[in-house]
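One structure is given below, encoded as structure tokens.
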Amino acid sequence: MNTSRIKRMQELLAAAIEPESCEIIDEGHLHIGHEGARGGRGHYRIRIASPRFQGLSRIAQHRLVYDALAELMVDEIHAVSVEVAGNELDSQ
């Protein structure tokens, strides 16, 4: 697990999105041998809740997360799976 990278991800998300909650899970162990895992690039699952997501489409919510992490997407992050808390209420 790359704790310094996760800390940087949390800092970037906090500055851009001001989340009420944010959990970042390193899923690199699930991708050992995968092309994107070579060179140390990580695979992460992000569970996040923020008032900034209110009224936005799921795509727009994810775009906010990707934009916040843009500097790391170049050579430190290979893949991010985003779960926005509250989206399960969309279908009710």
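Here this note's numbering is used: the first residue of the sequence shown is -12, the next is one more, and so on.
We put the beta carbon where it would ideally sit given N, CA and C, even for glycine.
The model shown is predicted, which means the values in this text are computed figures rather than measured ones.
- In this structure, the beta-carbon distance from Ala72 to Ser8 falls below 8 Å.
- Selection Arg(-8), Leu0 and Ile46 evaluated against Ser37 yields Leu0 as nearest (Cα-Cα).
- Of the residues assessed, Ile46 falls on the exposed side of the cut-off, its CB having fewer than 16 other CB atoms within 10 angstroms.
- One thing to note: Ile11 has its Cβ no nearer than 8 Å to the Cβ of Arg39.
- Short of 6 Å from the beta carbon of Arg(-5), and not among the five residues preceding or following it, lies no beta carbon of its own chain.
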